[in-house]
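Numbering (full-length UniProt numbering), first residue to last: 40 to 308.
Using N, Cα and C, we set each Cβ at its ideal position, and we do this for glycine too.
Values in this document were obtained by computation on a predicted structure and should not be read as measured data.
For reference, the structure is listed below as structure tokens.
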Ligand code: PBE
């Protein structure tokens with residue numbers, strides 16, 4: 040059986056990312072949910088380490104299973120595929136929501152309105168993330184906001200709203216490029232309206248808690264319904280959800296195209 044050899048070759052190991060990621064939690068559920076994975080190791084470290092391992096494996100055409108997600112440039116850089124997930128543990132297509140603290144509408148009505156209006160497409164986020172490979176996110180976001188293709192949309196987010204004079208607003212994000220992108224775009228837009236913006240990266244569990252307790256004003260970072268669903272449910276009713284700011288995200292187990300395997304269930308016990 041070729042698959043047996045392949046799983047052995049990988050030392051029955053899934054290469055993960057940060058321990059606090061939603062995708063890490065989902066993968067722990069997958070290890071419990073799929074009998075064939077019960078003896079597998081799940082290595083967590085960092086996104087950077089995962090990408091290095093993926094690059095090394097790919098360059099040598101060796102097998103590897105990683106925890107992957109879209110949007111991400113890994114799919115443009117390498118030929119990769121999501122393994123089918125017949126038990127649906129990683130969920131289906133996801134959206135990213137904007138959440139705000141409960142009194143934000145009363146306290147900061149203009150900021151609330153801007154946050155409520157903000158939405159964009161996966162390819163916008165991808166373009167910005169790609170730009171940010173060569174410069175700081177702050178600069179990439181500034182370019183994105185000022186780009187001719189985006190100007191009109193961006194101005195709709197603030198149309199008819201009053202400027203403020205240095206009002207402080209605190210956004211929390213999670214420490215991945217997808218969320219660096221949205222947070223820095225929102226930061227540019229709010230600063231252009233006169234806000235004094237603080238961006239704080241935190242773990243997904245803390246991100247939702249911070250908005251629920253009012254420590255942070257807002258976040259553009261919750262991946263739903265699955266990736267951060269448990270954290271979201273734990274604080275449901277203690278924050279306000281303004282709805283999706285992006286549709287078409289995804290998480291799952293990802294392998295190089297050259298691997299002769301289609302489904303999580305084909306990994307050998
Ligand atoms: N991610 C990217 C994060 C959210 C954004 C999928 C790696 C996670 O919590 O899994």
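Residue i - partner residues in DSSP beta bridges
i: residue 138; result: 258, 280
i: residue 175; result: Note: residue 175 sits in no beta bridge, so no partner.
i: residue 108; result: 290
i: residue 120; result: 294
i: residue 275; result: Residue 275 is not bridged to any residue.
i: residue 133; result: 288
Any non-hydrogen atom of ligand 1 closer than 6 Å to residue i Cβ
i: residue 96; result: no
i: residue 103; result: no
i: residue 61; result: yes
i: residue 214; result: no
i: residue 290; result: yes
i: residue 315; result: For residue 315 there is no data in the structure shown, the boundaries of the chain being 40 and 308.
i: residue 261; result: no
i: residue 161; result: no
i: residue 266; result: yes
i: residue 110; result: no
i: residue 217; result: yes
i: residue 58; result: no
i: residue 243; result: yes
Under the three-state DSSP convention, the category residue i falls into
i: residue 80; result: strand
i: residue 40; result: For residue 40, the predicted structure reports a pLDDT of 47, less than 50, and the residue's modelled location is therefore unreliable. The matter cannot be settled from this model.
i: residue 302; result: strand
i: residue 55; result: coil
i: residue 235; result: strand
i: residue 307; result: coil
i: residue 208; result: strand
i: residue 182; result: helix
i: residue 126; result: coil
i: residue 143; result: helix
i: residue 200; result: coil
i: residue 240; result: strand
Cβ shell of residue i (< 6 Å), same chain only, five flanking positions each side left out
i: residue 129; result: 65, 290, 291
i: residue 40; result: For residue 40, the predicted structure reports a pLDDT of 47, less than 50, and the residue's modelled location is therefore unreliable. A value from the coordinates is still provided. Cβ within range, chain order: n/a, list empty.
i: residue 102; result: 45, 48, 49, 298
i: residue 181; result: 227
i: residue 176; result: 219, 223
i: residue 170; result: 179
i: residue 63; result: 55, 83
Nonlocal neighbours in the same chain, by C-beta distance under 7 Å from residue i, ignoring five residues either side
i: residue 125; result: 302, 304
i: residue 271; result: 247, 261, 263
Residues of its chain near residue i, where Cβ-Cβ distance is below 8 Å and the 5 sequence neighbours each way are ignored
i: residue 144; result: 151, 279
i: residue 276; result: none
Would you check if there are 3 or more beta carbon pairs closer than 8 Å linking the region 126 to 141 to the region 245 to 261?
-> Output reads yes: the region 245 to 261 touches the region 126 to 141.
Determine contact between the region 53 to 61 and the region 77 to 86, defined as no fewer than three beta-carbon pairs at a distance below 8 Å.
-> These segments touch.
Check whether the region 102 to 118 touches the region 155 to 168, taking contact to mean three or more Cβ pairs, one atom from each stretch, closer than 8 Å.
-> With contact defined as three or more Cβ pairs closer than 8 Å, the region 102 to 118 and the region 155 to 168 are in contact.
Counting pairs of Cβ atoms below 8 Å between the region 203 to 211 and the region 237 to 251, do you hit three or more?
-> They touch, by the three-pair rule.
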